[in-house]
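Chains as they are written, first to last, in this note's numbering: chain L, 1 to 156; chain E, 1 to 169.
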Amino acid sequence: MTDGSQAGIIAPGTAAPEFRLRREDGSEFTRNDLEGQTTVLVFYPFAFSPVCTDQFNLYEELLGEFTARGATLYGVSCDASESQAAFRQKLGVSIEQLSDFEPKGEVSRAFGAYHPDGMSQRALVIIGPDGVVTWSYLAPSPGDLPGANLIFDGLG
Amino acid sequence: MGELGSAPVPALSARDHVRGPDQAPLMIQYGDFECPFCAVLHTRLAGRPLRCVFRHFPVRSSHPRAWAAACAAEAAALQDRFWAMHDALYADQARLEDPHLWLRAEQVGLDLERFEADRRSDAVVARVRHDFQSGVRAGVVTTPTVFAGGRCYRGVLDDATLDSLSRGG
């Protein structure tokens, strides 16, 4: 378990489970899409909540730095794709959003990032090109924003 | 941008912009000039006995004019007018386009030609980026974020908290 994480979040060294998320264009994003790239899944509670807004705006500012380290970021929440797309456009960010809407929260649960109040918990998971989790972080509460520094720590 | 992993918030250094009594409690703020919450904090800080440090934390997708405003403030700093420009920017956040920046430069007594060259210079951009990078490493996500009294405060501080900080508590 990494610093700041709690019981439940998927542990480093674990192979990512089989999963199915929905892209904004309606196509599927699955475990196969992890192969060959370093993936950062950014689980967040709700589209349009102010706290999420700050988080994605900051990550967007640093996209060039993430790319330089070979990492691709995705937002994951239990919102429907339409809500996520509207949220992303409103923020003016390009980070692709993946929907865990139906069955609701199934992927968040599989990664140990589901909040009992019916939403994704705020969490970060880094998965290597071989599909194995290399780092994970679960925020102490949905209101606690993980700084971008944590992702850079995780990327090493 | 260099190293971006976790690091403590840097202590006050000679390169910082600081104002307020030397003996007053120190408050380090990460802010941006287009952020309305920073403007509220700016108003609440007026006249308080605090030693205030301002560091840039502009985020383009939130505030598209924040980077240019930060560079304008740094260009003003090269003519010893950082705080005058800082205050002029917060005084009217609805006017942050280039003509408004030139007008402010005039109002605070800058050599306009030099201001115009400086605000686009690599050195000024690097100076703003340095602040931003230090904030990222310290875990800053939102503006304003304030480090004071050994604690980190995210968002606008209320008057009671500022009163307490002013007393060193």
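Just so it is clear, CB atoms sit at the ideal spot from N, CA and C, and this is done for glycine as well.
As assigned by DSSP and simplified to three states, the class of residue i
i	result
residue 166(E)	helix
residue 9(L)	coil
residue 75(L)	strand
residue 136(L)	strand
residue 66(L)	helix
residue 38(L)	strand
Outcome for residue i when other beta-carbon atoms lying within 10 angstroms are tallied against a minimum of 16
i	result
residue 133(E)	buried
residue 42(L)	buried
residue 67(L)	exposed
residue 48(L)	exposed
residue 149(L)	buried
residue 64(E)	exposed
Beta-carbon contacts of residue i that lie in its chain and below 6 Å, excluding the five residues immediately before and after
i	result
residue 20(L)	28 and 30
residue 168(E)	25
residue 28(E)	53 and 147
residue 132(L)	15
Span separating the alpha-carbon of residue i from that of residue j
i	j	result
residue 35(L)	residue 155(L)	16 Å
residue 86(L)	residue 93(L)	11 Å
residue 17(E)	residue 30(E)	12 Å
residue 146(L)	residue 111(E)	42 Å
residue 17(L)	residue 83(L)	26 Å
residue 100(L)	residue 114(L)	11 Å
residue 75(E)	residue 121(L)	42 Å
Residue from the options whose Cα sits closest to the Cα of residue i
i	options	result
residue 138(L)	60(L), 57(L), 109(L) and 130(L)	109(L)
residue 143(E)	49(E), 122(E), 12(E) and 32(E)	32(E)
residue 36(E)	15(E), 62(E), 11(E) and 14(E)	62(E)
Close beta carbons around residue i, own chain, < 7 Å, minus the five adjacent residues each side
i	result
residue 143(L)	51
residue 60(L)	93, 94 and 95
residue 129(L)	35, 36, 37 and 38
residue 165(E)	25, 27, 50, 148 and 149
Neighbourhood of residue i by C-beta, 8 Å cutoff - its chain only, sequence neighbours within 5 removed
i	result
residue 68(E)	96, 98, 101 and 119
residue 141(E)	154
residue 162(E)	44, 45, 48 and 50
residue 104(E)	72, 85, 88 and 89
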